[in-house]
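Take a look at the structure set out below.
Numbering (our numbering), first residue to last: 36 to 406.
Printed below as a string of structure tokens:
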């Protein structure tokens, strides 16, 4: 059947519309997108996931612990945190750490440990050459022993043998005086103008002095001990005891011993070298009690409380997110640098871990929001 011209024109228009619609669908390019993979709200901050490097990775990358993503838009590596979460950086310290030094100068005789050694309290770490000091201790001990023996003798009171000897000496001296007095009187005694120049006069004077000394010794033996004698003996003991303590202290100051259980983390001396008094020689730390010290500004400190949980990230332990709790909030605020931002120190106790962490390492702390 012949087609009407109107029908033919209508079919042509329909075909033209179909072709035009198909061309627009294939030729129009997709609009470029400037939106980031992860948008953070204005009141939010972005923090690293535990063990992740700082910064936001490019969209579409995976973290080290992430598997393949089913979606064409992978989960971004950065974590979203709300405004009441606080992030701070600081350094690791030991909860018990001490820098040790010799308290006297001398030549280093020996070093009994090396860095990394674990020691018990009281362990000898290093010593100077103490041969002269040790001899002084022995000498001081001998002097003290002698002083104590003398004090014991004084306190014991009169000794019969000493009294007998003193009495015998006194009797001989008395007899000598009588004998010399008789000889002096025989030549005229005091009535003779020249008697004072004779041998008899000189003998009488000497024997009289000997008698007086013997009398004093006898009195001392009988009345022993006198208060002054006892006091003198006790004073001698006290002086000898002080000398011994001083000698022992000098010897002790030439040795370094561990004040507590810990690990040797630094040795700044060498054997045979000279060491000066008070110069840092060894550092010991208890690595089982690690902490993080951070400073928070005054606007953030109100959100932190004792016992509050925290996550700690350390580059040296990037495979592990450490945990801990706030153990101390400082009570003295200070202005920081030229900006005069007021800061308060905060201490976080790190929970026990096997991660290789040491004093001085940097750390990032994320405080968990309080409920």
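Quick reminder that beta carbons are idealized off the backbone N, C-alpha and C, glycines included.
For this session: Decide if the stretch 255–270 is in contact with the stretch 181–200; the criterion is three or more beta carbon pairs, one per stretch, under 8 angstroms apart.
Result: yes
Problem set entry | Neighbourhood of residue 314 by C-beta, 7 angstroms cutoff - its chain only, sequence neighbours within 5 removed | 136
For this session: Report yes if the CB atom of residue 402 is closer than 8 angstroms to the CB atom of residue 120, and no otherwise.
Result: yes
For this session: Assign residue 213 to buried or exposed, taking buried as 16 or more other Cβ atoms, counted over all protein chains shown, within 10 Å of its Cβ.
Result: exposed
Exercise. Do you know whose CA, among 158, 331, 154, lies nearest residue 122's CA?
Worked result: 331
Exercise. Rounded to a whole number of angstroms, what is the C-alpha to C-alpha distance between residue 345 and residue 159?
Worked result: So the alpha carbons of these two residues sit roughly 38 angstroms apart.
For this session: Select from 305, 343, 155 the residue whose C-alpha is nearest the C-alpha of residue 295.
Result: 155
Exercise. In this structure, what does DSSP give as the bridge partners for residue 137?
Worked result: Residue 137 pairs with nothing; no bridge assigned.
Exercise. With 16 as the cutoff for other CB atoms within 10 Å, does residue 217 come out buried or exposed?
Worked result: exposed
Problem set entry | Residue from 187, 391, 170 with nearest C-alpha to residue 279 | Closest in C-alpha terms to residue 279, from the list 187, 391, 170, comes 170.
Exercise. Between residue 126 and residue 356, which are expected to be in contact by the criterion C-beta below 8 angstroms, what is the C-beta distance as a whole number of angstroms?
Worked result: Their Cβ separation, rounded to whole angstroms, is 18 angstroms, which puts residue 126 and residue 356 out of contact at 8 angstroms.
Exercise. At what residue ranges does the stretch 307–349 contain a whole run of the beta strand (DSSP E), taking only runs of 3 or more?
Worked result: 315–320, 325–332, 344–349
For this session: Assuming residue 339 contacts residue 385 (C-beta within less than 8 angstroms), just tell me the rounded distance between them.
Result: With a Cβ gap of about 16 angstroms, residue 339 and residue 385 do not count as contacting.
Problem set entry | Three-pair Cβ contact test at 8 angstroms for the stretch 322–336 versus the stretch 371–380 | yes
Problem set entry | Validate contact between the stretch 177–195 and the stretch 235–246 using beta carbons, cut 8 angstroms, 3 pairs | Not touching, per the Cβ criterion.
Problem set entry | Residues near residue 260 by beta carbon distance below 8 angstroms, same chain, minus five either side | 189, 190, 192, 268
Exercise. When the Cα of residue 354 is compared with those of 144, 389, 143, 166, which residue comes out closest?
Worked result: 389
Exercise. What is the DSSP secondary structure of residue 172, counted as helix, strand or coil?
Worked result: helix
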